[in-house]
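Undergrad: Residue numbers (the numbering used here): 473 to 663.
Glycine included, C-beta positions come from ideal geometry on N, C-alpha and C.
Being a predicted model, the structure only gives us computed values, none of them experimental.
Here it is in structure tokens:
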């Protein structure tokens, strides 16, 4: 039986990642599958990003979060603070879409080393109200969970549309699914 240090799970992101990845069976083969599918999946990223923001726009509770100023966003024309007036083509939404596109690019191309693990933790932290943040955006965990579930479904549809052989398709769906669960675990750390 392998011993796991409970306290270290909450203080060391790499240790946490290694534990969760090992528990789930996310390993080098999954990373290889993700990287191997990258050239096929990259063209789907704009479609996934647009689908995410269309989904967020369907509900006032999620769209109102988009009306808050995002850390790092320097507007040319000002922030639209009224969710009812905020469109999917607004400057702040384009900024967020760009950030989400960069996130997906990192998932597809970066090595899964300590730097990447810290990035996954950072992504989770910036969506919660922590003392280290400048913005006070705090996305309730229910919305994060629902969104990651939605992203998984969109990714599954996208992967299935690639007409891969059955084994490769299964491995790709499983690898991306595990990765999203690992990301969700980092979100849960901050709630």
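For a test of the three-state rule: what should DSSP assign to residue 507, helix, strand or coil?
TA: Stepping through the chain shown from its first residue, residue 507 is reached at position 35. Helix.
Undergrad: Rounded to whole angstroms, what is the Cα-Cα separation between residue 598 and residue 564?
TA: Here the question's residue 598 lines up with position 126 in the chain shown. Here the question's residue 564 lines up with position 92 in the chain shown. When rounded, the distance between both Cα atoms is 16 angstroms.
Undergrad: Check whether chain B comes within 8 angstroms of residue 554, counting only Cβ atoms and requiring the distance to be less than that.
TA: Absence of chain B from the displayed structure is noted, only one protein chain being present.
Undergrad: With H, G and I counted as helix, E and B as strand and the rest as coil, what does DSSP make of residue 663?
TA: As a first step, residue 663 is located in the chain shown; it is residue number 191 there, counting from the start. In this structure, residue 663 counts as coil in the three-state DSSP scheme.
Undergrad: What does the Cβ neighbour count give for residue 660, buried or exposed, with the cut at 16 atoms within 10 Å?
TA: Position 188 of the chain shown, counted from the start, is the residue given in the question as residue 660. It counts as exposed.
Undergrad: If I'm right that residue 652 touches residue 620 with Cβ under 8 angstroms, what's the distance once you round it to whole angstroms?
TA: Here the question's residue 652 lines up with position 180 in the chain shown. Here the question's residue 620 lines up with position 148 in the chain shown. The pair is a contact, with the Cβ atoms about 5 angstroms apart (cut-off 8 angstroms).
Undergrad: In chain order, which continuous runs of the alpha helix (DSSP H) of length 4 or greater are located wholly inside the region 559-607?
TA: Taking only runs of at least 4 residues, the alpha helix (DSSP H) segments lying wholly in the region 559-607 are 563-581, 586-598.
Undergrad: Where does residue 634 sit, in a helix, a strand or coil, going by DSSP?
TA: Locating residue 634 in the chain shown gives position 162, where the first residue counts as 1. Here residue 634 sits in coil by DSSP.
Undergrad: Quick one: what does DSSP say residue 549 is sitting in, helix, strand or coil?
TA: The residue given as residue 549 occupies position 77 in the chain shown. The answer is coil: DSSP assigns residue 549 none of H, G, I, E or B.
Undergrad: So, for residue 656: in the same chain, excluding its five sequence neighbours on each side, which residues have a beta-carbon less than 6 angstroms away from its beta-carbon?
TA: Walking along the chain shown from the start, residue 656 turns up at place 184. Result list for residue 656: 620, in chain order.
Undergrad: Nearest by alpha-carbon distance to residue 560: which of 582, 601, 536, 580 is it?
TA: Here the question's residue 560 lines up with position 88 in the chain shown. Residue 560 has its Cα closest to that of 536, out of 582, 601, 536, 580.
Undergrad: DSSP three-state call for residue 520: helix, strand or coil?
TA: Counted from its first residue, the chain shown places residue 520 at position 48. Of the three classes helix, strand and coil, the one that applies to residue 520 here is helix, per DSSP.
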